[in-house]
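The structure under discussion appears below in the form of structure tokens.
Have a look at this one:
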């Protein structure tokens, strides 16, 4: 079973309240994936990832070996910038579960930052709600903004979002500067660690600016709607 600080029936509320929740698995390695999927179903409906599977195994890749338009294609084994998962979709997943099978020979942390902790001014928030971006997703590309009063989630991923105005470029720079000033929360991994992230309002990334991930690092990811 998975050791949790809270009753599973209250888990989604707790994650939304805190922004993220670390946990530990207590089952053997060969049942780890099953337990992650079981945990995901207490939060909502697991949804398939880029590989067409509910359970994705993530490993750092050199840029030349990465999928086109992925963060790995741009950054390789270097640090990944803060983002939400599924920003390229009309509706990003509600929660993301990350779990560590193996931290790797060069352990690299996951970093987290609450968007509402950036203390944006009213004018800066207005820019987030109005500055236009192209969301690149092949034939299913569309236009959107970082925030919108008609939806409950933020959209932020410099890997798939292209600024279409000076205001959009400005707001990207503003958020990047605020994230540096805020300083992210650092989550160090050990085998069996689990992290549930509120993907609608918390940004996450891989490593600190100087980090280089080893290709033997293995995380499991399950997205939940």
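In our numbering, the protein residues as written are 2 to 226. No residue lacks a Cβ here, since even glycine has one placed at the ideal position from N, Cα and C.
In terms of Cβ geometry, residue 145 and residue 156 form a close pair [threshold 7 angstroms]. Around the beta-carbon of residue 224, 16 or more other beta-carbon atoms lie within 10 Å, marking it buried.
Measuring C-alpha to C-alpha distances from residue 111 to each of 41, 196, 137 identifies 196 as the nearest. Inclusion of residue 56 and residue 20 in the CB contact set at 7 angstroms is not warranted, their separation being larger than that value. Between residue 136 and residue 89, the C-beta spacing is below 7 angstroms. At the C-beta level, residue 113 and residue 203 come within 7 angstroms of one another. Bounds of the beta strand (DSSP E) holding residue 205 are 203-207. With the rule of 3 Cβ pairs closer than 8 angstroms, the region 168-182 does not count as touching the region 46-60.
Sequence-distant partners of residue 201 (beyond 5 residues in either direction) whose C-beta falls short of 8 angstroms from its own C-beta, in its chain, are 85, 93, 95, 153, 154, 155. Judged by DSSP in its simplified three-state form, residue 181 adopts helix. In the DSSP secondary-structure assignment, residue 23 is bridged to 196. Contact check for residue 219 against residue 60 passes: the beta carbons are separated by less than 7 angstroms.
Taking C-beta atoms as the reference points, residue 44 and residue 13 count as a pair closer than 7 angstroms. At the C-beta level, residue 100 and residue 134 stay beyond 7 angstroms of one another. With a threshold of 16 other beta carbon atoms within 10 Å, residue 63 falls short and is exposed. In this structure, DSSP gives residue 107 a state outside helix and strand, which the three-state scheme calls coil. Following the DSSP letters along the chain, one finds residue 33 in no beta strand (DSSP E) but inside the alpha helix (DSSP H) bounded by residues 33-44. Inclusion of residue 83 and residue 160 in the CB contact set at 7 angstroms is not warranted, their separation being larger than that value.
Note on geometry: alpha-carbon atoms of residue 163 and residue 129 lie some 14 angstroms from one another. Annotation for residue 127: the continuous alpha helix (DSSP H) segment containing it runs 123-131.
The continuous beta strand (DSSP E) containing residue 187 extends over residues 186-188.
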